[in-house]
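Per the UniProt record's numbering, residue 1 is the first one in the sequence shown, and the count goes up by one each step. Glycine included, every Cβ here is placed at the ideal spot set by N, Cα and C. Owing to the predicted nature of the structure, the values given are computational and were not obtained by experimental measurement.
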Amino acid sequence: MYYSSDIPKHKVFLSFHHQDDYYRQQFERQFSNEFDPVFVNRSVQDGDIDPNYKTDAIRREIRENYVSDSSVTIVLIGQNTWQRKHVDWEIGYSLTTSKLNTRSGLIGILLPSYSPCYDPYFYPNCAQKRTENNSRIYTPCNIPPRLYDNIQSGYAKIYPYPTSSHELKKWIHEAFQRRGSGSHRNSRDYFANNRNSSHW
């Protein structure tokens, strides 16, 4: 099959739970040569930012010192990724436009460590859905809620683990193109703390 090489490269910020660092490293090894110049993988860890900072200061710190050097954010989704406050913050600040930064495109990728929740009877948000190419099942209730808001609005897409660098490059470029669509959603309250339940 012929693949066009004309798809431009974009600088990508990886948002992930450090529990899934093995998969993040594997992802970078497989695909980093496709991007401009490499992935920006400075996901925020506990202790990186003074918890006594005011909310606006934290927002500025993450946006300007972590997310700002990218135009698309990829959320690598493992089993407990949705629980992490820093992942929620990174998604939220990726969706924010400031004087120094423009809004980033947004996609989610299901890692091998992810499995769907199985409580749809009691929790409607746990009803099964399929990724963009219908190849994998996920449940909204155990992916980051701010990401799901944007999947619903059409601003973000969710995919299985990519089978080729061309496929991933295409997804990223499409996310980049959606940045000006006006369909982003970022009204949800930011996580104050990490969560510890199996779903939201």
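- The secondary-structure analysis by DSSP pairs Arg-130 across a beta bridge with Ile-137.
- Note on Ala-192: under 16 other CB atoms within 10 angstroms of its CB, so exposed under the neighbour-count rule.
- In chain order, Gln-83 place their CB closer than 8 Å to the CB of Asn-196, counting only its own chain and leaving out the 5 sequence neighbours on each side.
- Contact annotation: Ile-74 and Leu-147 have beta-carbon atoms that are not nearer than 8 Å.
- The same chain holds no residue with a CB closer than 6 Å to that of Lys-99 once the five nearest residues on each side in sequence are set aside.
- Considering only Thr-97, Pro-145 and Glu-167, the residue with the shortest C-alpha distance to Gln-30 is Glu-167.
- A Cβ-Cβ distance of about 4 Å is found for the pair Pro-160 and Arg-136, placing them in contact under the 8 Å criterion.
- Judged by DSSP in its simplified three-state form, Gly-108 adopts strand.
- Short of 8 Å from the beta carbon of Thr-102, and not among the five residues preceding or following it, lie these beta carbons of its own chain, in chain order: Ser-71 and Arg-179.
- Here DSSP, grouped into helix, strand and coil, assigns Tyr-23 to helix.
- In this structure Tyr-22 is not in contact with Arg-63, their Cβ atoms being roughly 28 Å apart against a cut-off of 8 Å.
- Tyr-159 carries a strand assignment under DSSP once its states are collapsed to helix, strand and coil.
- With at least 16 other beta carbons inside 10 angstroms of its own, Tyr-138 counts as buried.
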